[in-house]
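Peer 1:
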Amino acid sequence: MIEQDDFDIQARLHTIVRGEDEASMVESVGLALVKLPDVLNRLNPDIIVVHGDRFDALALATSAALMNIRILHIEGGEVSGTIDDSIRHSITKLAHYHACCTRSAEQHLIAMCEDHDRILLAGCPSYDKLLSVNNKDYMSVIKMWLGSKEMVRVMRKKGVEHHPNFRAVKHVPFEQFIQLVAHAGCMIGNSSCGVREAGAFGTPVINLGTRQTGRETGENVLHVRDADTQNKIIHALQLQFGKRYPCSKIYGDGNAVPRIVKFLKSISLDEPLQKKFCFPPVKESISQDIDHILETLSALAVDLGGTNLRIGIVSMTGEIIKKYVQPNPKTYEDRIELILKMCVEAASEAVKLNCRILGVGISTGGRVNPREGVVLHSTKLIQEWSSVDLRTPLSDTLHLPVWVDNDGNCAALAERKFGQGKGIEDFVTVITGTGIGGGVIHNHELVHGSSFCAGELGHIMVSFDGPDCMCGSRGCVEAYASGIALQREAKKLHDEDMLLVEGMSVKNDESVSAVHLIQAAKFGNTKASNILKTAGTALGIGVINILHTINPSLVILSGVLANQYVNVVKDVIRQRGLASIQNVDVVVSSLSDPALLGAASMVLDYTTRRTY
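Here the numbering used here is used: the first residue of the sequence shown is 1, the next is one more, and so on.
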């Protein structure tokens with residue numbers, strides 16, 4: 001390929017001694033290490049580009065690293081499940097810069113403490129050629145016959161070469177080879193080509209054995225790891241032969257080479273050559289004093305509210321050791337940047353406070369896929385916050401496991417670990433605040449539902465033609481009882497000059513809010529009192545629906561409006577509920593910060609399992 005592309009070859013180094021068995025590979029590495037210093041001294045390169053995971057590439061990387069020459073490693077971070085992994089990862093540790101093929105490979109490099117700023121997600125260079133292949137005549141390619149090699153001797157012994165549809169070739173040039181792969185009815189074997197290059201054409205592949213275990217594959221690959229019977233292989237061929245799959249771009253989009261060239265040009269030859277590793281924060285060993293040995297096991301808790309972004313260091317006992325608060329930015333980019341900045345600062349502070357951070361828990365509004373750590377759809381209060389992967393950037397930056405769930409579920413988790421739900425098998429938490437939300441605990445476990453929307457208690461409909469809700473429907477509990485709903489009613493009264501009573505005032509620059517409505521009711525405003533009673537009744541009917549549906553033994557009201565509603569909710573249950581739910585307890589949460597505590601509990605409950 002290098003010769004075909006008319007590169008000026010200034011040195012050739014022959015290192016293959018006597019084949020490619022284990023001993024000869026060691027001899028070849030040794031021979032290369034002897035010869036390479038002279039070659040590199042003569043050429044004096046600025047940067048060495050090392051590709052892949054061959055043993056001769058390891059010799060080149062070792063020589064360049066010891067001679068203080070910059071190294072760019074291409075296709076690092078991949079996993080194949082063979083000795084190649086050890087060689088590939090060894091080259092990674094020697095290299096100063098990395099151009100990897102896949103997102104998973106990038107994550108592996110970061111996990112190996114490589115500098116994120118020196119990693120390029122380029123794609124596979126060979127895909128540039130693959131994705132530009134056209135429909136040339138490929139029949140002439142299969143007329144070439146192989147010379148004598150061990151594998152083919154076996155084929156000839158079996159008489160396979162006499163089959164009219166069988167061809168064995170010693171070497172096929174790359175451009176011709178990809179023509180065969182592109183037009184094959186099926187590719188079978190254990191070559192990496194099957195799990196990588198074939199996906200670019202959607203060619204069906206049968207991957208035999210475990211040699212490629214760990215490599216990423218597209219849907220075109222059928223794995224037959226225990227290929228121990230003829231029937232298995234024949235059945236696999238019947239399933240795969242002649243099928244066409246969508247082209248997979250796991251390994252690239254055809255633009256890897258331009259990206260790598262641009263990356264190479266961006267490397268400053270004046271910056272320090274010393275390789276930098278990005279280790280996760282650790283506490284420095286100061287002495288053997290007992291105070292430095294007994295660390296406080298803690299979680300980094302993040303609460304993304306409609307107004308503020310809050311981060312806390314929370315201990316195993318639920319103590320919020322340190323808390324940080326900033327206004328929640330309005331754009332995705334600013335919000336992510338601020339989250340990362342605050343988390344890094346908190347992690348550094350945790351080291352000083354003798355706290356060992358076990359992981360990061362995030363509470364956010366909206367619908368969340370906790371398995372993937374992705375916000376699927378957010379509330380209108382948090383803008384530009386749909387289809388957002390929170391786990392990846394935080395895990396990449398902090399090198400810690402990350403859990404994500406919505407604020408209602410986090411409130412329920414907080415009650416289960418630290419609050420009035422501790423030890424209770426079945427209970428429901430209802431959050432009363434800017435919106436109405438909640439979480440359901442059944443058999444001591446949080447219920448997420450098939451599409452992660454269990455616990456959307458604010459959108460239980462209590463009226464066919466009630467006020468409009470922010471979800472787009474009408475008559476939801478949230479449209480009556482949320483802070484936003486109360487603010488709406490307060491503004492209506494104020495506009496009609498019916499809100500303020502004796503003893504009340506609203507400053508010119510002050511916005512009318514739910515607080516003014518509650519205050520007016522306390523000062524004897526009958527209309528304000530009726531609005532609050534209607535809101536409490538709507539919430540009570542919603543709670544009755546929950547009790548009649550899932551029959552928990554406890555309902556915990558949480559949030560700033562809980563005390564305002566608790567007695568009305570109890571009255572509604574007593575007046576309208578079935579006899580079977582009259583003994584259900586309805587209580588107000590004793591937790592001061594359920595969102596942060598719930599986010600922390602995701603970490604503290606599961607760190608022994610290390611699953612996320």
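A virtual CB, placed ideally from N, CA and C, is assigned to each residue, including glycine.
(1) D593 to I336, Cα distance in whole Å?
(2) With 16 other CB atoms within 10 Å as the buried threshold, where does P401 fall?
(3) Hey, could you find the ends of the beta strand (DSSP E) L300 is sitting in?
(4) With DSSP as the reference, label G361 as helix, strand or coil.
(5) Looking only at C-alpha atoms, which of L413, V181, T229 sits nearest to V430?
(6) With a threshold of 16 other CB atoms inside 10 Å of the CB of L273, please say whether the residue is buried or exposed.
(7) With a 10 Å radius around its C-beta and 16 neighbouring C-beta atoms as the bar for buried, classify M25 as buried or exposed.
(8) Under the three-state reduction of DSSP, which class applies to A11: helix, strand or coil?
(9) Taking the CB atoms as reference points, tell me whether E415 and I441 lie closer together than 9 Å.
(10) Mind checking A613: buried by the 16 CB within 10 Å criterion, or exposed?
(11) Smallest Cα separation from R70: which of A32, L121, L60, S511?
(12) For H223, which option in T432, C247, M187, A256 has the closest C-alpha, if you only look at C-alpha atoms?
(13) Helix, strand or coil: how does DSSP classify I286 here?
(14) If you draw a straight line from the C-alpha of L146 to the C-alpha of L13, how long is it?
(15) Give the C-beta separation of Y565 and L557 to the nearest angstrom, bearing in mind that I take them to be a contact with Cβ-Cβ under 8 Å.
(16) How should S268 be labelled, buried or exposed, when 16 other C-beta atoms within 10 angstroms of its C-beta is the threshold for buried?
(17) I'd like the span of the alpha helix (DSSP H) that includes T379, first residue to last.
(18) What does E445 pair with, by DSSP beta-bridge criteria?
(19) Report yes if the C-beta distance between K322 and E349 is below 9 Å; otherwise report no.
(20) Quick one: grab the DSSP three-state call for Y97.
(21) Counting only runs that start and end within the segment 392-468, where is the alpha helix (DSSP H) found for 4 or more residues in a row?
(22) Only counting the same chain, and skipping five residues up and downstream in sequence, which positions put a Cβ closer than 7 Å to that of L130?
(23) Do the CB positions of V587 and Q420 come within less than 9 Å of each other?
(24) Three-state secondary structure (DSSP) at M498?
(25) Can you check whether the CB of V375 is closer than 9 Å to the CB of V351?
(26) Near G524, what residues of its chain come up, given a Cβ to Cβ distance below 7 Å and the 5 sequence neighbours on each side ignored?
(27) How many Å lie between G559 and G598 at the Cα?
(28) Look at V50 and I74 and say whether their C-beta atoms are less than 9 Å apart.
(29) With distances taken from CA atoms, which of G475, R259, F174 is nearest E3?
(30) Are T92 and E114 touching if we call contact CB-CB under 9 Å?
(31) Below 6 Å CB to CB, which residues in the same chain sit around S529 once its five sequence neighbours on both sides are set aside?
(32) Tell me where the alpha helix (DSSP H) around Y614 begins and ends.
(33) Candidates P246, G194, Q240: which alpha carbon is nearest G202's?
(34) L33 and A64: beta carbons closer than 9 Å?
(35) Whole angstroms are fine: how far does the CA of Y606 sit from the CA of F614?
(36) Select from L446, L398, S395 the residue whose C-alpha is nearest the C-alpha of K417.
Peer 2: In short:
(1) Cα to Cα, the separation comes out at about 23 Å.
(2) By the neighbour-count rule (16 or more Cβ atoms within 10 Å), P401 is buried.
(3) Per DSSP, L300 belongs to the beta strand (DSSP E) from 296-304.
(4) Under the three-state reduction of DSSP, G361 is assigned to strand.
(5) Answer by Cα proximity: L413.
(6) So L273 ends up on the exposed side.
(7) By the neighbour-count definition (other C-beta atoms within 10 Å, threshold 16), M25 is a buried residue.
(8) A11 falls in the coil class under three-state DSSP.
(9) Taking C-beta atoms as the reference points, E415 and I441 count as a pair closer than 9 Å.
(10) Because the chain is modelled from 1 through 612, residue 613 falls outside the range shown and cannot be assessed.
(11) Here the closest residue by C-alpha is L60.
(12) Nearest in C-alpha terms to H223, of all of T432, C247, M187, A256, is M187.
(13) Residue placement at I286 is flagged as unreliable, the pLDDT there being 48, under the threshold of 50; a coordinate-derived value is accordingly withheld.
(14) Its pLDDT being 49, under 50, L146 is placed unreliably in this model, and the coordinates cannot settle the point.
(15) Their Cβ separation, rounded to whole angstroms, is 6 Å, which keeps Y565 and L557 in contact under 8 Å.
(16) The residue is exposed, with fewer than 16 neighbouring Cβ atoms inside 10 Å.
(17) Careful: T379 lies outside any alpha helix (DSSP H) and carries neither H nor E.
(18) Bridge partners of E445: H442.
(19) Contact flag set, yes.
(20) Strand.
(21) Complete alpha helix (DSSP H) runs here, min 4: 407-418.
(22) Shown here for L130: same chain residues with a beta carbon closer than 7 Å to its own, the five before and five after excluded, namely I178, E197, A200 in chain order.
(23) Taking 9 Å as the Cβ cut-off, V587 and Q420 qualify as a contacting pair.
(24) Coil, per DSSP.
(25) The Cβ atoms of V351 and V375 do not sit closer than 9 Å to each other.
(26) Taking C-beta separations shorter than 7 Å and ignoring five residues to either side along the sequence, the partners of G524 in its chain run V501, following chain order.
(27) For G559 and G598, the distance between alpha carbons rounds to 13 Å.
(28) Cβ atoms of V50 and I74: closer than 9 Å.
(29) E3 has its Cα closest to that of F174, out of G475, R259, F174.
(30) Yes, these two residues count as a Cβ contact at 9 Å.
(31) A521.
(32) Residue 614 lies beyond the residue range present for the chain, which begins at 1 and ends at 612; the question has no answer from this structure.
(33) Distance check between G202 and each of P246, G194, Q240 places P246 closest, using alpha-carbon atoms only.
(34) No.
(35) Because the chain in this structure spans residues 1 to 612, residue 614 falls outside the shown range and cannot be described.
(36) The shortest C-alpha separation from K417 is found at L446.
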